[in-house]
Structures are given as C-alpha cells and as structure tokens.
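Chains as they are written, first to last, in our numbering: chain A, 1 to 114; chain B, 1001 to 1111.
Below is one structure, written out as structure tokens, with a few remarks after it.
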Amino acid sequence: DGGITQSPKYLFRKEGQNVTLSCEQNLNHDAMYWYRQDPGQGLRLIYYSQIVNDFQKGDIAEGYSVSREKKESFPLTVTSAQKNPTAFYLCASSIRDRVSNEQFFGPGTRLTVL
Amino acid sequence: RKEVEQDPGPFNVPEGATVAFNCTYSNSASQSFFWYRQDCRKEPKLLMSVYSSGNEDGRFTAQLNRASQYISLLIRDSKLSDSATYLCVVNSIQGAQKLVFGQGTRLTINP
C-alpha cells in the first residue's frame, strides 16, 4: 500500500533533549513538508523540501532542523532550542510542480515534553 | 490579520440539517483553494478542491468568490459521520506548493 508513515505515534521526552521524528513515504512524491498543530489551531509550516538535498524554512522553523538525503525520507529534529515543543506533528508529501495538487498527510506524532 | 480566517465555530446542528462554513483569505494572488476534513486526533484529509466556477460532490458544495476573497462550503442533509473539523486551505504564492491553513471550524452533528 502506498502512503506516508510517521513514527512513533506518541513520544515523551524530557526538557532539554533533542528528539527526531520519522517520516517516510512510498508515493514517489518529490515534495515533503512538516507541520505543527497546537490544540484548537490550524497547521503551521515548519520546513519543506521540494527535492532531495534541498529544503526551506517555513513559518516557524526556529528550534527545528531537517534533512532530505533520500526522496522517501524527511526526518524532523526538535532541538532543545524549541521553547514549546509539545504539539501534534504532521508530515505531508505532494507531487512537485503542480500548484493545485493535494498534500497527503501521515498519521502524525504527538510529542509531549515533560 | 491572519492569511486565512474561518468561522470560529463550533457548530452543533441536528442530523439532516444544512450547514455552511465561510472562509476569507488575504492574499489576492492565491491560486489554489481546498477544504480539508480532520477527525479528532487524526491527520487532515482532502475533502474537495475549490474551483472558480464552484463545484459539487454529492452533499458537499464549494464556492469561490475571488473578488471578495471568500470561500464557502455547504453540507446538505448532514450525517452523523460529518462530525469533524473542517479546514480552509489556500496556497501561498511565496512558494508554489506552500499551503496556508485556517484554524478550522468544528462541526458536531447531533442525532
């Protein structure tokens, strides 16, 4: 089955620790995205990548880092510099170079920093 | 001003009712418009794209008014399974595939 997987589903970390969230897709999509959602809020873009080995900051990139070494993988690291890391993190992918295309989402990771 | 704004909700309506959601966007150069549905504690899923001429998919009708920078979603004969949060989404021309999400409107259909 084609789709996007994120792991783990729930993640608990102590304050001050870096943590890496996994995102893998087998849809052969060029573009991948990371969003953050807080309770009662819309999605906010953290980072996005339109091709391998290239990525751009979104609207709230501070305290986060990404890599895009393979087309199917786009891991997100939440660093200790992120002041309020507890949130629902969503990864998405889409076909590149089509403005009106759909973004497909993974099931998300709920990160709680204790 | 937020780039995409939706009715704050929540909406609580009886089964079988018609419900309408409204959304405004600030970037007049936006080209793509969508409604996504998000169930509680799940990922968003595309409900429908919104075209200039308006489009319909079963009980769902989406309208776009570019002059007023306004998007709407109408749900007719609502079902219990329509209970969800509805997200208005607009592309940002700063990056061709950057999407901007509204905060969502929560809908509960009551039996």
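C-beta atoms are modelled at their ideal positions from N, C-alpha and C, and glycine is treated no differently.
Note that this is a predicted model, so its numbers are computed, not measured.
For residue i, which residues from the same chain have a beta carbon less than 7 Å from its beta carbon, with the 5 sequence-adjacent residues on both sides left out?
i, result
"Q1103/B", "Q1006"
"E72/A", "E24, Q25 and N26"
"G108/A", "Q6, F88, Y89 and L90"
"G58/A", "L45, I46, Y47 and Y48"
"T1024/B", "E1005, Q1069 and Y1070"
"H29/A", "S93, S94 and I95"
"Q50/A", "D30, A31 and R96"
Could you work out which residues of chain B lie near residue i, taking near to mean beta carbons separated by less than 7 Å?
i, result
"E69/A", "Here the premise fails: no neighbours, minimum Cβ distance about 20 Å."
"P75/A", "Chain B residues near P75/A: none, gap ~18 Å exceeds 7 Å."
"Q25/A", "Residues of chain B passing the Cβ test: none, with the nearest at roughly 13 Å."
"E115/A", "There is no way to answer for residue 115/A, as the model of chain A reaches only from 1 to 114."
"S94/A", "Q1097"
"G108/A", "E1043"
"L11/A", "Correct list: empty, because the minimum Cβ distance to chain B is about 15 Å."
Less than 6 Å between C-beta atoms, sequence neighbours within five positions excluded: which residues of the same chain meet that for residue i?
i, result
"Y10/A", "R110"
"F105/A", "L90 and A92"
"L21/A", "L76, Y89 and T109"
"V1100/B", "E1003, V1004, V1090 and S1092"
"T112/A", "F12 and T86"
How far does the beta strand (DSSP E) with residue i in it extend, from its first residue to its last?
i, result
"K57/A", "D54 to K57"
"S7/A", "I4 to S7"
"I46/A", "L43 to I51"
"E1005/B", "V1004 to Q1006"
"I1109/B", "T1105 to N1110"
In chain A, what lies closer than 7 Å to residue i by C-beta?
i, result
"G1009/B", "In chain order: nothing, as chain A lies at least about 10 Å away."
"F1101/B", "G42 and L43"
"L1087/B", "G42"
"G1104/B", "G42"
For residue i versus residue j, is the C-beta distance shorter than 9 Å?
i, j, result
"L1073/B", "A1020/B", "yes"
"V1004/B", "L1107/B", "no"
"T68/A", "V78/A", "For the sequence presented, residue 68/A should be read as Arg rather than Thr. No, these two residues do not count as a Cβ contact at 9 Å."
"A1084/B", "C1040/B", "yes"
"E102/A", "S1052/B", "no"
"P1044/B", "L76/A", "no"
"S80/A", "A31/A", "no"
"Y1086/B", "T1105/B", "yes"
"C1088/B", "F1033/B", "yes"
"S1028/B", "R1059/B", "no"
Whose Cβ in chain B lies nearer than 9 Å to the Cβ of residue i?
i, result
"P39/A", "Within 9 Å Cβ-Cβ: nothing; P39/A doesn't reach chain B, min ~11 Å."
"L21/A", "Ordered by position in chain B, no residue passes the 9 Å Cβ test against L21/A, which lies about 14 Å from the chain."
Compute every distance between the C-beta of residue i and the non-hydrogen atoms of the ligand FMN, then say whether any falls below 8 Å.
i, result
"Y47/A", "Only the bare structure without any ligand can be found here, which leaves the ligand FMN out of the picture."
Give the residues of chain B in contact with residue i, contact being defined as C-beta atoms less than 8 Å apart.
i, result
"F105/A", "E1043, P1044 and K1045"
"A61/A", "Simply none; closest approach about 13 Å."
"L90/A", "E1043 and P1044"
"L87/A", "Note on identity: in this sequence residue 87/A is Ala, with Leu being the wrong assignment. Simply none; closest approach about 13 Å."
Please go through the same chain and pick out, in chain order, the residues whose beta-carbon is closer than 8 Å to the beta-carbon of residue i, but skip the five residues on each side of it.
i, result
"R36/A", "L43, R44, I46, I60, A87, F88, Y89 and L90"
Quick check on residue i - is its C-beta less than 9 Å from some C-beta in chain C?
i, result
"G1054/B", "The displayed structure is made up of protein chains A and B, and chain C is not among them."
Exercise for the section: With a floor of 3 residues, list each beta strand (DSSP E) that falls wholly inside the region 1015–1097 of chain B, ordered by position along the chain. Expected result: 1019–1025, 1033–1038, 1044–1050, 1055–1057, 1060–1065, 1070–1075 and 1084–1092
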